[in-house]
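Q: Attaching a single structure in structure tokens format; questions to follow.
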Amino acid sequence: MNWTTFLQFTRGPLFQASLLIFVGGMAYRLVRVVLLGWKGDKAPAKGSKLAGVVKTYLKGFLIFPFVPWVKRTFNRNPIIYLAGGLFHLGLFSAIILGTPHMLVWKSLLGFGWPTLPLPIVDWLSAASIAAMIALLFYRRTNPVLKLISGPAEWLNWLLVFLPMVTGYIMTHHLFFQYEVLFSLHMLSVDVLLIWIPLSRISHFMFYFFSRTIHGVEFGKRGVTP
Amino acid sequence: MQTQKAINTFVKETGGWVASQLEACTRCGMCAEACHFYQATGVPEYAPVWKVELLRRAYEQRFTVSGKVKLAIGLDAEISDEDLLKWSSYVYHACTVCNKCSMVCPMGIDLGTLIHDVRSGLAEAGVVPADLAAAVQKQLEEGSPLGMTDEVYADRLEWVTDDWEVDIPIDKEGAETLVVLSSIEVMKFPQNIAAVAEVLNAAGENWTLSTKAREVVNFGFYEGSHSHTTLFLKRLLDQAVAMGVKRLVVTECGHAYDALRWTAYNLMDIPDSLEITHITGLLGEYVSSGRIKLKGGAFNEGKITFHDACKIQRKGGHINEPRQILNILSPDAFVEMTPNREESICCGGGGGVIAIKDADPVRYAAFELKIDQVNKTGADTVVMSCSNCRLQFTDGKEHFNLDWKINGLTQMVADALAD
Chain A
4 MNWTTFLQFT RGPLFQASLL IFVGGMAYRL VRVVLLGWKG DKAPAKGSKL
54 AGVVKTYLKG FLIFPFVPWV KRTFNRNPII YLAGGLFHLG LFSAIILGTP
104 HMLVWKSLLG FGWPTLPLPI VDWLSAASIA AMIALLFYRR TNPVLKLISG
154 PAEWLNWLLV FLPMVTGYIM THHLFFQYEV LFSLHMLSVD VLLIWIPLSR
204 ISHFMFYFFS RTIHGVEFGK RGVTP
Chain B
36 MQTQKAINTF VKETGGWVAS QLEACTRCGM CAEACHFYQA TGVPEYAPVW
86 KVELLRRAYE QRFTVSGKVK LAIGLDAEIS DEDLLKWSSY VYHACTVCNK
136 CSMVCPMGID LGTLIHDVRS GLAEAGVVPA DLAAAVQKQL EEGSPLGMTD
186 EVYADRLEWV TDDWEVDIPI DKEGAETLVV LSSIEVMKFP QNIAAVAEVL
236 NAAGENWTLS TKAREVVNFG FYEGSHSHTT LFLKRLLDQA VAMGVKRLVV
286 TECGHAYDAL RWTAYNLMDI PDSLEITHIT GLLGEYVSSG RIKLKGGAFN
336 EGKITFHDAC KIQRKGGHIN EPRQILNILS PDAFVEMTPN REESICCGGG
386 GGVIAIKDAD PVRYAAFELK IDQVNKTGAD TVVMSCSNCR LQFTDGKEHF
436 NLDWKINGLT QMVADALAD
């Protein structure tokens, strides 16, 4: 098998299989949690639960990522805030607003959207990769992070890092033949897609549960979340 | 030790509400920076994320594919006796369940409640710190963890009635409002009882104390035992229902308010006609409606700051009332701490921590954050609406030789009542 056929495999059947595993796995995780049962809360509310939910999402989506210093804990842990925020910003810019990725979405969904110019996506991706390295270093040195990190956490880091770094090198046509890099990029994406439902990278789905719960809990008490 | 009982409890606690939040955790460790016990000691095991680790392990091993795989290949082990002992010291000694961590969590996980669930498992397994377990036993047998027996209660009330020359209705028939004191007030801050009585009398409230429902403190809630929590709550609520009161007022006690106002409804049936509220809410209501009149500027000397209690302000929502009152009593003297309101730093004595002798070093360490916060305001008086905080402040004041005056909000209101 040469690199061209390997590329065809990793971006063809393997990618489709990985996508299926990803979607199926996430659906399983979701159903599993939902079916564990939900007890209603019978305590009469003091404030509006809905208002709490709205406020916590506004804070979570707008204030927290873009104006992190509103949180006093920011000063105690600026690396995690900045690197964490930058990583997510770069990641989502690339996979949603990068032209090649948009075209993948278009082939899957049937419609596309305007994208960001390559230099912007490129710089954001570079920042994202730098942020990941900073976060790895931090995870290796901070006593709490050392305590709560096991093999799964290191693997999470590696499996997210590989697609990002191969993608970045690929757009710059560095080091290797294009087909080699493209194949490795696709292979790492496929592995990541299979890994996500098994790991904590799935937090993007459960975020909506915990944020809503947070808003309800603070809202019902009449406290700003 | 019955470790399996703890595991069973963890599994039982884990419905969708708990599981979805355990799944949302990214293990970023930010919660550690919110925890006053971690900040004060630097012990990584005090990070809130680590405190809920037992609950997470039990959940994953029982319900998730990755948890089962990890167990099978030796990356995780069954929860052991040693684990329970270790976590007992993390969640009882170094946590006041103040829930500040949930405000910092980027996922918004309600860590305080999850830590309470860990306590529930440990309580079932019988791994509650000895001092706390002894207090629970005392409350089971004598009706109060602080030795406030029927006789002591009656004696103290009689003494307060005489000494402060105040009317205190007891077991009054036809009363609309039942007030339940905490034994901390009865035993350590009796002037608070007089203050409550003076304020309610001035407001013309048709109120009473009860000889049956006399202890609002709930050590079952501290240890996390559902059965004890329910039993102690029922002592109060059954009596309130039997008396046909419309309102049950919790005096200056934080966790008792948390248990009655937010938890009791999910443990037993409470009639809709019964309102449960906190004295802080009542004071705000009286002042707003003009049922009591205060002497403006009655406490306007020096600098006065307000300590927000985790269970009454952050978890209870009575954040504005104390400000409303202090702006009348101390318009120039009142200064805010930073951070304050719902972001306030806990005193370090709540959640049963102050009752555990072995926890004294971490409790004092956590209190140093509070000292720093108060000193930065330059205040000479600290006011609060929680007797448990007040106990911690009074004890901390002595321990650290501080030149502060500690006061209760109800006390100040009573002292400033206009004739």
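First to last, the sequence lines map onto chains A and B.
Taking my numbering, the leading residue of the first sequence gets 4, the next gets one more, and so forth.
Taking my numbering, the leading residue of the second sequence gets 36, the next gets one more, and so forth.
All C-beta atoms, glycine included, are put in the ideal place defined by N, C-alpha and C.
#1: How should H176 (chain A) be labelled, buried or exposed, when 16 other C-beta atoms within 10 angstroms of its C-beta is the threshold for buried?
#2: Can you list, in chain order, the residues of its chain whose CB lies under 7 Å from that of H188 (chain A), leaving out five sequence neighbours each side?
#3: Which residues of the stretch 195 to 208 of chain A have a Cβ closer than 9 Å to any Cβ of chain B? Give them in chain order.
#4: Using C-beta distances below 8 Å, list every residue in its chain close to G102 (chain B), excluding the 5 sequence neighbours before and after it, in chain order.
#5: Could you please give the first and the last residue of the uninterrupted beta strand (DSSP E) stretch that includes I441 (chain B)?
#6: Measure from the alpha carbon of V221 (chain B) to the alpha carbon of each residue in B:C60, B:L266, B:V280 and B:E287, then state which is nearest.
#7: Near K40 (chain B), what residues of its chain come up, given a Cβ to Cβ distance below 7 Å and the 5 sequence neighbours on each side ignored?
#8: Any idea what DSSP makes of V104 (chain B), helix, strand or coil?
#9: What are the partner residues of K341 (chain B), as DSSP defines its beta bridges?
#10: Can you tell me the Cα-Cα spacing of K411 (chain B) and T373 (chain B), whole angstroms?
#11: Would K52 (chain A) pass as an interface residue toward chain B - the criterion being a Cβ-Cβ separation below 8 Å?
#12: Does the pairing of the stretch 79 to 95 of chain A with the stretch 122 to 134 of chain A give three or more beta-carbon distances under 8 Å?
#13: Could you tell me the boundaries of the alpha helix (DSSP H) in which L295 (chain B) lies?
#14: Which residue or residues does DSSP assign as beta-bridge partners of F369 (chain B)?
#15: On the premise that G93 (chain A) lies in contact with L119 (chain A), defined as a C-beta separation below 8 Å, what is that separation, rounded to the nearest angstrom?
#16: List, in chain order, every chain B residue whose beta-carbon is nearer than 7 Å to that of G225 (chain A).
#17: Rounded to a whole number of angstroms, what is the C-alpha to C-alpha distance between V124 (chain A) and A155 (chain A)?
#18: With 16 as the cutoff for other CB atoms within 10 Å, does P306 (chain B) come out buried or exposed?
#19: Taking just the CA atoms, how far does I228 (chain B) sit from E200 (chain B)?
#20: What does G109 (chain B) touch in chain A if you count any residue whose Cβ is under 7 Å from its own?
#21: Give a yes or no on whether the C-beta atoms belonging to S186 (chain A) and T13 (chain A) are separated by under 8 Å.
#22: What runs of the alpha helix (DSSP H), each 4 residues or longer, lie entirely inside the stretch 113 to 189 of chain B?
#23: Is the Cβ of K58 (chain A) closer than 8 Å to any Cβ of chain B?
#24: Taking just the CA atoms, how far does T131 (chain B) sit from G385 (chain B)?
#25: Going by DSSP, which residues form a beta bridge with L244 (chain B)?
#26: From the beta carbon of A133 (chain A), is the nearest beta carbon of chain B less than 8 Å away?
#27: Can you name the residues that DSSP bridges to L213 (chain B)?
#28: Less than 8 Å between CB atoms is the rule here; does P16 (chain A) satisfy it with respect to chain B?
#29: Taking 8 Å as the CB-CB cut-off, is L112 (chain A) touching chain B?
#30: If the cut-off is 8 Å on Cβ atoms, which residues from the stretch 138 to 151 of chain A count as contacting chain B, listed in chain order?
#31: Using a Cβ cut-off of 8 Å, pull out every chain A residue sitting near V84 (chain B), in sequence order please.
#32: If I'm right that G143 (chain B) touches C133 (chain B) with Cβ under 8 Å, what's the distance once you round it to whole angstroms?
#33: Which residues mark the beginning and the end of the alpha helix (DSSP H) in which E220 (chain B) is found?
#34: If we cut at 8 Å on Cβ distances, does L190 (chain A) have a partner in chain B?
#35: Consider the Cβ of W122 (chain B): report whether some Cβ of chain A lies at a distance smaller than 8 Å.
A: This is what the structure holds:
#1: exposed
#2: Taken in chain order, the residues that qualify are P166, T169, G170 and M173.
#3: P200, L201, S202, R203, I204, S205, H206 and M208
#4: R92, Y94, E95, Q96 and D111
#5: K440 to G443
#6: B:E287
#7: E159 and A160
#8: Here V104 (chain B) sits in helix by DSSP.
#9: A quick correction: the sequence has Phe, not Lys, at residue 341 (chain B). Answer by DSSP bridge pairing, in chain order: B:V418.
#10: 9 Å
#11: no
#12: yes
#13: That residue, L295 (chain B), is in no alpha helix (DSSP H); it is neither H nor E in DSSP.
#14: B:I339
#15: About 11 Å; that fails the 8 Å criterion.
#16: G352
#17: So the two alpha carbons sit approximately 29 Å from each other.
#18: That one is exposed.
#19: 12 Å
#20: Taking a Cβ-Cβ cut-off of 7 Å, G109 (chain B) has no neighbours in chain A, whose nearest Cβ is about 11 Å from it.
#21: yes
#22: 116 to 123, 135 to 139, 146 to 160 and 165 to 177
#23: no
#24: 5 Å
#25: B:I205
#26: Contact of A133 (chain A) with chain B is not assigned, every C-beta pair being separated by 8 Å or more.
#27: B:T243 and B:L283
#28: no
#29: Output row for L112 (chain A): interface = no.
#30: Residues of the stretch 138 to 151 of chain A with a C-beta less than 8 Å from any C-beta of chain B: N145, P146, V147, L148, K149, L150 and I151, listed in chain order.
#31: Chain A residues near V84 (chain B): V147 and I151.
#32: That belief does not hold up - the Cβ atoms of G143 (chain B) and C133 (chain B) are roughly 16 Å apart, past 8 Å.
#33: S218 to M222 is the extent of the alpha helix (DSSP H) around E220 (chain B).
#34: no
#35: No, no contact with chain A.
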